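See structure below.
Protein chains: 2
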Amino acid sequence: MSDLLERLRGRGWRLTAQRRVVAEVLDGDHVHLTADEVHARAAERLPEISRATVYNTLGELVSLGEVLEVSTDRRAMRYDPNAHHPHQHLVCAKCGTVRDVHPAGDPLADLPDNERFGFTVSDVEVTYRGICPNCA
Amino acid sequence: MSDLLERLRGRGWRLTAQRRVVAEVLDGDHVHLTADEVHARAAERLPEISRATVYNTLGELVSLGEVLEVSTDRRAMRYDPNAHHPHQHLVCAKCGTVRDVHPAGDPLADLPDNERFGFTVSDVEVTYRGICPNCA
DNA sequence: GGGTCATATTGGATTCGATCCAAGTCAAGA
DNA sequence: TCTTGACTTGGATCGAATCCAATATGACCC
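Here the protein sequences come in this chain order: D and Z.
Following my numbering, the numbering of the first sequence begins with 41 at its first residue and continues without gaps.
Following my numbering, the numbering of the second sequence begins with 41 at its first residue and continues without gaps.
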């Protein structure tokens, strides 16, 4: 993740303690934390960090393409640091657990021209739902 | 949509003026209204209908499988009466317009067993994003 | 038609996630 | 070290959705 910090610095990001901590919190494999969870973990290291800053930083990381926003339910948005490896999500309908998955095929290619209605289609998002082994 | 009302009556639904109006509002082709929009349209016919009742009724229709909930952005949930014909959604990233689309292939079948992690996968939801002709 | 009762409706309060804002703080270049 | 524009803060605010106790009403029975 220090790569990430370097990359952002190169783009003129001012490196603050708060941003560093948020980036470190996200630097786990396969985490899909809510903003509040990110805030809680960040606050363990930097007790005074505010929610607003966590939201700001997450928003910046998203628009820089370093983190993905995924909305798996009607509750809180989740933040996925695995932005540089295309993947989709498998969500447990009971406990909300999220796993990264890699379906075969290219869903974008599966949308024929006559089903695009003149849209310039740039992105597709696939969410699988089911029951995880723990909840079954 | 009177089919719908009959079907629901058969399941013990008590048929009230409010529920009838909500069902009628949803009885349009390819509409993807928010709860507030449903409420506004319902209120044209039945001025005293409350938001709470609209939410209740929509929730019931969803759990009865007669209407689909689609969350196309981080804003309000949308309600899709086209529940009996499998389809996916194409969303304009600018204006939010939603169109029903029918991609080729079966995304469920595209998720291999070794990518299911023991989940019982029951459903998949595909959202295409792009820019519509009007916004381009 | 009238009575009964379980179910539905109401609107105001409440929750929860997210955003906004003005005031204070601080990283980084000179 | 100084300066400055960008960053952070926490409290207010917003918007969607849910909850609740009081009231109203559809459906069934006679």
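Note that the Cβ used here is the ideal one computed from N, Cα and C, for glycine as well.
As the structure is a prediction and not an experimental result, all values here were calculated from the model.
The stretch 101 to 175 of chain D contains no complete alpha helix (DSSP H) run of 4 or more residues.
Taking a beta-carbon distance threshold of 8 angstroms, residue 126(D) does not count as an interface residue toward chain Z. Using a Cβ distance threshold of 8 angstroms, residue 139(Z) and residue 130(Z) count as a contacting pair. The C-beta of residue 44(D) comes no closer than 8 angstroms to any C-beta of chain Z. By the Cβ-count criterion, residue 101(D) is buried, with 16 or more other Cβ atoms from all chains shown falling within 10 Å of its own Cβ. Excluding sequence positions up to five before and after residue 55(D), its CB lies within less than 8 angstroms of the CB of 45, 48 and 49, all in the same chain and listed in chain order. Across the structure, residue 147(D) and residue 83(D) are spaced so that their CA atoms are roughly 39 angstroms apart. Using a 10 angstroms sphere on the CB of residue 63(D), the tally of other CB atoms reaches 16 or more, which defines it as buried. Burial state of residue 59(Z) is buried, judged by a 10 Å Cβ sphere holding 16 or more other Cβ atoms.
Note that the C-beta distance between residue 116(Z) and residue 74(Z) is below 8 angstroms. Straight across, the Cα-Cα distance linking residue 107(Z) with residue 127(D) is about 29 angstroms. Contact check for residue 114(Z) against residue 111(D) passes: the beta carbons are separated by less than 8 angstroms. Around the Cβ of residue 143(Z), a 10 Å sphere holds 16 or more other Cβ atoms; the residue is buried.
Between residue 172(D) and the set 121(D), 133(D), 85(D) and 160(D), the nearest pair of CA atoms involves 133(D). Assignment of residue 93(Z) by DSSP, reduced to helix, strand and coil, places it in the helix class. In this structure, residue 71(D) and residue 94(D) do not form a Cβ contact; the two beta carbons are roughly 14 angstroms apart against a cut-off of 8 angstroms. The residue among 121(D), 81(D) and 96(D) with its C-alpha nearest the C-alpha of residue 43(D) is 121(D).
The CB of residue 102(D) never comes closer than 8 angstroms to any CB in chain Z; the least such distance is about 11 angstroms.
Judged by DSSP secondary structure, residue 72(Z) falls outside any alpha helix (DSSP H); it is assigned neither H nor E. Taking residue 137(D) as reference, the option from 85(D), 175(D) and 151(D) with the minimal CA-CA separation is 175(D). Just so you know, the alpha carbons of residue 67(Z) and residue 91(Z) end up roughly 19 angstroms apart.
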